[in-house]
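In my numbering, the protein residues as written are 71 to 311.
Glycine included, every Cβ here is placed at the ideal spot set by N, Cα and C.
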């Protein structure tokens with residue numbers, strides 16, 4: 071039935087407290103170092119959330135370059151919020167995330183460590199959110215199936231995903247195609263999060279140096295806090311439990 075607008079309200083109606091409006095969910099803008107597996111995982115997770123998610127395909131592939139690009143995006147979004155021409159979407163809250171891996175090469179490892187440390191420092195300056203995994207994104211994928219506390223190489227992690235039967239057709243260069251969607255049920259995501267929190271706690275108690283926090287994080291292995299992004303998306307999921 072069409073609700074008709076009433077032109078005249080009673081005195082009591084005028085004194086009624088306005089109904090509280092549920093705040094709009096934040097917009098998510100995501101920069102990622104990986105161009106195949108990470109976007110596919112995020113796209114699959116996006117189907118579970120009510121948030122507006124924008125995946126930004128940036129030319130930078132190094133962590134500090136991605137954070138610089140994210141800082142530029144933050145400034146642009148804030149200008150839009152302050153503009154007198156801002157629309158409802160412009161005024162919505164937002165979060166900008168940068169996802170990258172440790173992926174330290176055997177040759178000249180200090181160069182990559184310096185990039186990671188710079189990225190962590192830059193992100194703190196303007197509220198950029200970091201989703202960091204060591205040694206690579208496959209560590210996070212493997213945590214959906216089993217605990218992984220040992221330091222494995224990228225190839226070893228990729229091989230374990232495929233040969234253990236967790237993701238039988240996994241190919242790092244092509245991603246996991248439709249199989250990523252199948253692992254994104256609630257039980258697997260929350261199991262992966264608990265396992266990640268556990269290995270991160272171990273790192274914090276055994277390897278963390280409060281005098282050198284950024285370097286400690288740059289060389290941590292294994293480690294993954296990328297679940298923080300997916301926690302935000304899950305909090306605004308489409309279907310309630």
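- Exposure label - residue 242; buried when at least 16 CB within 10 Å: Label assigned to residue 242: buried.
- Excluding five sequence neighbours on each side, which residues of the same chain lie with their C-beta closer than 6 Å to the C-beta of residue 174? 182
- Query: Whose C-alpha, out of 142, 236, 232 and 100, is nearest the C-alpha of residue 165?
  - Reply: 100
- Would you tell me roughly how many angstroms separate the C-alpha atoms of residue 161 and residue 236, rounded to the nearest one? 43 Å
- Taking only the alpha-carbon atoms, compute the straight-line gap between residue 234 and residue 254 and give it to the nearest angstrom. 18 Å
- What number of angstroms, rounded off, separates the C-alpha of residue 295 from the C-alpha of residue 167? 12 Å
- Report the residue ranges of all alpha helix (DSSP H) runs contained in full by the region 254 to 285; include only those spanning at least 4 residues, in chain order. 256 to 276
- Item | beta-carbon residue 146 near the ligand MG non-hydrogen atom, thresh 8 Å | Looking at this structure, you won't find the ligand MG or any other ligand, since it has none at all.
- Give the straight-line distance between the Cα atoms of residue 93 and residue 239, rounded to the nearest whole angstrom. Note on residue 93: pLDDT 45, under 50, position unreliable in the model; the coordinate value appears next. Computed Cα separation, rounded: 42 Å.
- Item | Where the alpha helix (DSSP H) through residue 119 begins and ends | Neither: residue 119 is in no alpha helix (DSSP H) and is coded neither H nor E.
- Task: Using the Cα positions of residue 226 and residue 195, report the straight-line distance between them to the nearest angstrom.
- Result: Straight-line Cα distance between these residues: approximately 35 Å.
- Task: Could you have a look at residue 50 and say whether DSSP puts it in helix, strand or coil?
- Result: Since the first residue shown for the chain is 71 and the last is 311, residue 50 is missing from the structure and cannot be characterised.
- How about residue 97 and residue 121: are their beta carbons less than 9 Å apart? Note that the C-beta distance between residue 97 and residue 121 is below 9 Å.
- How close, in whole Å, do the beta carbons of residue 219 and residue 269 come, if the pair is a contact with beta carbons under 8 Å? 6 Å
- Item | 8 Å contact criterion, which residue 140 and residue 306 should meet: CB distance rounded | With 8 Å as the limit, residue 140 and residue 306 do not qualify as a contact, their Cβ atoms being about 21 Å apart.
- What did DSSP end up calling residue 204 once you bin it into helix, strand or coil? The DSSP-derived three-state label of residue 204 is strand.
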